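**Q** Can you read through this structure? Questions will come right after.
There are 2 protein chains.
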Amino acid sequence: MTTSTPATREQAVEADRLDPLARYRDDFLIDAGGPIYLDGNSLGRQPRAAFAALAALLDEWGRDLVGAWERWVELPAVVGDRVGCLVGAAPGQVVVSDSTTVNLYKLAVAATDAKVDRPVIVGDANDFPTVRYVLQGVAERHGRKLRLVHRGAAAGVDAGAVAEAVGDDVGLVCLSAVNFRSGAVVDMAAVNQVAHQFGALTLWDLSHAAGVVPVELDTGGADLAVGCGYKYLNGGPGAPAWLYVRTALQRALRQPIWGWWGQRDQFEMAAAYEPLPTAGRFLTGTPAVLGIAALDAGIAPLLDAGLPALWEKTRRLVGLLVDRAEKLLIPLGATNASPADPARRGGHVAISHPDAWAATRALIDRHLVVPDFRPPDVIRLAPVAVYTSYAEVWDAVERIAGVLADPAIRLPAPKKRIT
Amino acid sequence: MTTSTPATREQAVEADRLDPLARYRDDFLIDAGGPIYLDGNSLGRQPRAAFAALAALLDEWGRDLVGAWERWVELPAVVGDRVGCLVGAAPGQVVVSDSTTVNLYKLAVAATDAKVDRPVIVGDANDFPTVRYVLQGVAERHGRKLRLVHRGAAAGVDAGAVAEAVGDDVGLVCLSAVNFRSGAVVDMAAVNQVAHQFGALTLWDLSHAAGVVPVELDTGGADLAVGCGYKYLNGGPGAPAWLYVRTALQRALRQPIWGWWGQRDQFEMAAAYEPLPTAGRFLTGTPAVLGIAALDAGIAPLLDAGLPALWEKTRRLVGLLVDRAEKLLIPLGATNASPADPARRGGHVAISHPDAWAATRALIDRHLVVPDFRPPDVIRLAPVAVYTSYAEVWDAVERIAGVLADPAIRLPAPKKRIT
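Protein sequences appear in the order of chains A and B.
So that you can map any letter, position 188 of the first sequence is 187 in numbering that gives the first Met the number 0, and since no number is skipped, the others follow by simple counting.
So that you can map any letter, position 66 of the second sequence is 65 in numbering that gives the first Met the number 0, and since no number is skipped, the others follow by simple counting.
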């Protein structure tokens with residue numbers, strides 16, 4: 000099997016023929032005549048198994064009613080451990096819980112509380128909004144100071160930038176492992192090392208990393224992490240999120256939302272809150288059982304394929320995308336807003352262009368490609384190893400070039416019909 | 000139509016025949032040969048429409064993918080307004096969001112932040128665990144003091160008890176409208192009045208009240224409220240919860256979890272967090288779309304029946320249950336642990352008995368009745384207006400009496416089989 004970048008459409012088709020992951024495409028609902036979907040890093044495609052998983056869950060609810068909780072009660076930890084397999088976490092450290100935002104909040108407060116004499120949180124000025132907002136809120140309410148690293152999304156944060164920002168006054172370094180905009184990948188182990196040298200904890204948002212790029216939470220020395228369930232994990236819209244707390248830290252950290260699902264001997268309903276000694280103490284209220292069932296169906300193909308194979312194909316898809324974009328889109332005024340160094344690229348690519356918004360609308364309205372627009376000028380493109388083909392990447396870039404070359408997209412938008 | 004309490008099984012059957020709500024029973028999945036389900040206040044039965052609602056949602060996800068967010072983005076407010084119809088809240092004040100625990104936390108912190116010079120939170124010593132734990136956590140982390148009203152679950156908190164506890168040092172009064180254990184109902188309007196006289200805000204947990212007892216958030220003067228989706232609202236296991244913030248308070252209050260779903264012009268992804276000027280500012284992360292779809296199916300029969308009819312039938316069912324329990328269970332050593340005054344009873348009844356745990360296990364194991372056990376000695380029974388019949392209540396009490404009279408239930412439990 001050749002691993003070189005396809006140079007013709009025929010070679011792209013041949014790469015699909017030889018692709019060991021091609022069979023997973025059938026695990027997902029795909030309209031053969033539909034647009035090419037390159038937004039799986041915003042909302043993953045639907046695994047065919049989601050329907051059966053939800054139907055089975057409804058069966059349980061209908062038949063066993065409240066008695067089914069004997070099984071459901073374990074789901075946050077059971078499915079958490081499965082997510083853990085994708086991010087290098089041994090069992091007992093990941094639980095499915097709440098949303099990414101709420102999990103970030105819980106862990107950021109827990110970490111800053113544990114480092115009470117270190118008032119500074121280091122974050123990334125170009126991080127995803129919810130990460131920045133959560134840290135702003137924690138800083139403002141708890142008398143902390145937020146120190147933002149400014150490196151530009153395309154360059155991305157690296158350990159050197161963190162080393163410049165971190166000091167004895169820093170209690171927490173909170174970053175995304177893959178930038179939501181540029182796809183720039185951070186060397187997590189190097190950042191963990193730098194942070195630990197100064198006595199700070201690390202908290203990672205893996206929403207754009209889990210299930211795509213290699214992540215080794217345990218061996219890489221990460222302290223805390225969170226991630227969403229609806230992107231590469233294919234859990235569906237608003238799927239529950241997950242969180243990771245290293246075993247050694249579980250008893251030392253306390254989260255701020257004291258709910259009955261974090262309580263030891265929960266159904267004893269004791270007077271005083273006494274959190275579980277496990278990762279379960281980071282749960283809050285009743286977990287979203289329907290959502291967890293769909294999430295479990297969403298990660299099954301990833302666990303089956305295995306991360307090394309997923310990452311190998313992702314790199315080739317991204318390589319092809321960048322290669323074709325340089326040939327077809329740069330001449331049309333586009334810029335590659337992702338890292339120039341292939342070794343720093345994650346699972347998606349950012350193409351900036353002055354007409355990015357108009358082109359995104361036209362690509363969607365004409366049923367050509369579903370990309371993602373990120374203000375002010377980025378078209379974000381994510382091929383996904385389990386369901387995107389090399390030929391789709393090839394064709395998508397041609398379609399994007401066709402739209403960027405079409406002066407009609409720059410005409411004023413027609414008035415919205417009131418129907 | 001007679002509204003007297005049935006005195007014979009024949010009269011119970013006749014009451015079912017005349018029951019204007021009887022037709023809603025067919026809207027729910029019910030195994031005709033199964034046990035009598037009296038735990039709808041822990042997990043509501045499954046509406047038949049839940050399957051179709053989830054299938055439609057999966058269709059949207061499969062077909063429209065990320066484009067479906069144009070509709071989904073409105074769901075927290077749209078379904079929130081529908082929940083609002085059940086609790087006397089005009090549109091624009093209820094959003095579906097997170098879990099009850101997380102919503103309690105957000106609103107409790109928002110309220111205590113707004114009353115920074117009033118260090119005391121008034122709560123109920125007999126409230127549901129998560130309410131007590133959340134308040135403990137808020138008190139501990141934010142230097143507040145928790146002042147608990149002790150009245151016993153059966154008596155329940157009343158405005159008089161609150162008046163004794165409240166003073167100029169109190170910023171927040173947080174109570175459940177219906178006690179999770181005894182079913183005792185609080186006069187919300189009277190408590191709101193007392194709290195406001197002293198300048199405190201009120202926060203209500205309506206998990207055991209919404210969809211059952213009359214609740215008038217707007218006209219009753221409540222400030223804040225939360226409730227779960229999986230009990231009387233029939234949203235399924237771990238259904239998303241909801242929260243209410245009175246319009247006049249929405250701009251004045253800020254919640255602590257600063258996420259992108261609470262942000263003004265969310266998709267502009269601005270640098271600084273600036274919350275929406277609406278109830279939307281109390282959202283956090285991406286809402287659980289699958290769960291909201293199921294919740295919407297769960298409340299549809301309640302909205303169709305209307306709360307006055309639901310409450311009227313609930314009172315008759317509860318009256319029959321208490322009447323039969325007094326005749327059959329009290330002689331067997333049971334005590335009515337719910338309010339003696341019918342006017343203070345909510346939608347469920349607590350029967351205490353030294354063998355409550357053994358009886359609960361026997362009732363479930365023998366497929367007779369599904370009640371709920373609440374430590375140390377309470378059998379909790381909830382007939383639900385949309386799917387419980389008078390005959391079921393009649394038969395359930397007979398079955399409970401049979402089990403309590405059976406000495407075999409007091410034998411040591413057989414060893415669990417390891418399968």
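Glycine included, each C-beta is placed from N, C-alpha and C at the ideal position.
Keep in mind that this is a model prediction, so the values were computed, not measured.
1) Classify A:G43 as buried or exposed, calling it buried when 16 or more other Cβ atoms lie within 10 Å of its own Cβ.
2) Consider the Cβ of B:T111: report whether some Cβ of chain A lies at a distance smaller than 8 Å.
3) If you run the structure through DSSP and keep just helix, strand and coil, what is B:A407?
4) Around the Cβ of A:S3, are there at least 16 other Cβ atoms within 10 angstroms (buried) or fewer (exposed)?
5) Run through the DSSP bridge pairs and tell me what B:Y36 is partnered with.
6) Which ranges would you report for the alpha helix (DSSP H) in the segment 25-78 of chain B if only whole runs of at least 4 residues count?
7) Is the Cβ of A:P286 closer than 8 Å to any Cβ of chain B?
8) Quick one: is A:L57 near chain B, going by C-beta distance under 8 Å?
9) Which of the three DSSP states, helix, strand or coil, is assigned to B:D157?
10) Below 7 Å CB to CB, which residues in the same chain sit around A:P274 once its five sequence neighbours on both sides are set aside?
11) Using 8 Å as the Cβ pair cut-off and three pairs as the minimum, do the segment 364-381 of chain B and the segment 18-27 of chain B touch?
12) Which residues of the segment 100-133 of chain A have a Cβ closer than 7 Å to any Cβ of chain B? Give them in chain order.
13) Whole-angstrom Cβ separation of A:G346 and A:T387, contact assumed at under 8 Å?
14) Can you find a CB in chain A that lies within less than 8 Å of the CB of B:F281?
15) May I have the straight-line CA-CA distance separating B:G39 from B:V385, to the nearest angstrom?
16) Strictly under 8 Å for the Cβ-Cβ distance: is A:S441 near chain B by that measure?
17) So, under 8 Å CB-CB, A:L318 and B:V133 are touching, yes? Tell me the CB distance rounded to an integer number of Å.
18) What residues are listed by DSSP as bridge partners for A:L171?
19) Is it buried or exposed, B:K415, if we count other Cβ atoms within 10 angstroms and call 16 or more buried?
20) If I measure Cβ to Cβ from B:N178 and keep anything under 7 Å in the same chain, skipping five residues before and after, which residues do I get?
21) Does the beta-carbon distance from B:A11 to B:Y389 come in below 8 Å?
22) Quick one: residues in its chain with C-beta nearer than 7 Å to the C-beta of B:P300, no 5 flanking neighbours on either side, listed in chain order?
23) Cβ closer than 8 Å: which chain B residues qualify as neighbours of A:I363?
24) Quick one: Cα of A:V115 to Cα of A:R250, how far?
25) Residues of chain A with CB under 8 Å from B:I329, in chain order?
26) Please look up how many angstroms separate the CB atoms of A:A176 and A:L205, rounded, as I've assumed it's under 8 Å.
27) Using DSSP's beta-bridge definition, name the partner residues of B:Y243.
28) Are the beta-carbon atoms belonging to B:V94 and B:L302 less than 8 Å from one another?
29) Would A:V148 and A:V193 qualify as a contact pair, given that the criterion is a beta-carbon distance under 8 Å?
30) Strictly under 8 Å for the Cβ-Cβ distance: is A:G382 near chain B by that measure?
31) With 8 Å set as the bound, which would you pick, yes or no: does the beta-carbon of B:S181 sit closer than that to a beta-carbon of chain A?
32) Of all the residues that make up the segment 294-309 of chain B, which are near chain A by a beta-carbon distance shorter than 8 Å?
33) For B:N191, which residues from the same chain have a beta carbon less than 8 Å from its beta carbon, with the 5 sequence-adjacent residues on both sides left out?
34) Is B:M422 close to chain A? Criterion is C-beta to C-beta, closer than 8 Å.
35) I'd like to know whether the C-beta atoms of A:R409 and A:A355 end up nearer to each other than 8 Å.
36) May I ask you to list, following chain order, the residues of the segment 4-27 of chain A that have a beta carbon less than 8 Å from some beta carbon of chain B?
**A** Looking at the coordinates:
1) buried
2) Judged by the 8 Å Cβ criterion, B:T111 is not in contact with chain A.
3) DSSP places B:A407 in helix when its eight states are reduced to three.
4) exposed
5) B:V369
6) 48-63 and 68-71
7) yes
8) yes
9) coil
10) R253, G261, Q262, R263 and R280
11) no
12) T100, V101, Y104, P128, T129, Y132 and V133
13) Not a contact, Cβ separation roughly 10 Å.
14) Taking a beta-carbon distance threshold of 8 Å, B:F281 does not count as an interface residue toward chain A.
15) 10 Å
16) The first residue shown for chain A is 0 and the last is 418, placing residue 441 of chain A beyond what the model contains.
17) A quick correction: the sequence has Gly, not Leu, at residue 318 of chain A. Rounded, the Cβ-Cβ distance is 50 Å, inconsistent with contact.
18) A:I120 and A:L200
19) Reliability of the predicted coordinates at B:K415 is poor, the pLDDT of 48 falling under 50, and the value obtained from them is presented with this limitation in mind. It counts as exposed.
20) N125, A152 and G155
21) Result yes, Cβ atoms of B:A11 and B:Y389 sit closer than 8 Å.
22) Y23, D26, P46 and V385
23) For a Cβ distance threshold of 8 Å, residue set G66 of chain B lies close to A:I363, ordered along the chain.
24) 17 Å
25) Residues of chain A passing the Cβ test: none, with the nearest at roughly 26 Å.
26) Right, the Cβ-Cβ distance comes to about 5 Å (below 8 Å), so this counts as a contact.
27) B:V93 and B:A224
28) It is not a contact, given that the beta carbons lie outside the stated cut-off.
29) No, these two residues do not count as a Cβ contact at 8 Å.
30) Checking the displayed sequence, the identity of residue 382 of chain A turns out to be Pro instead of Gly. Taking Cβ atoms only, chain B never reaches closer than 8 Å to A:P382, which makes this a no.
31) no
32) Contact annotation: in the segment 294-309 of chain B, no residue has its CB less than 8 Å from a CB in chain A.
33) T201, G219, G220, A221 and D222
34) Chain B is shown only over 0 to 418; residue 422 of chain B falls outside these bounds and no answer can be derived.
35) no
36) none
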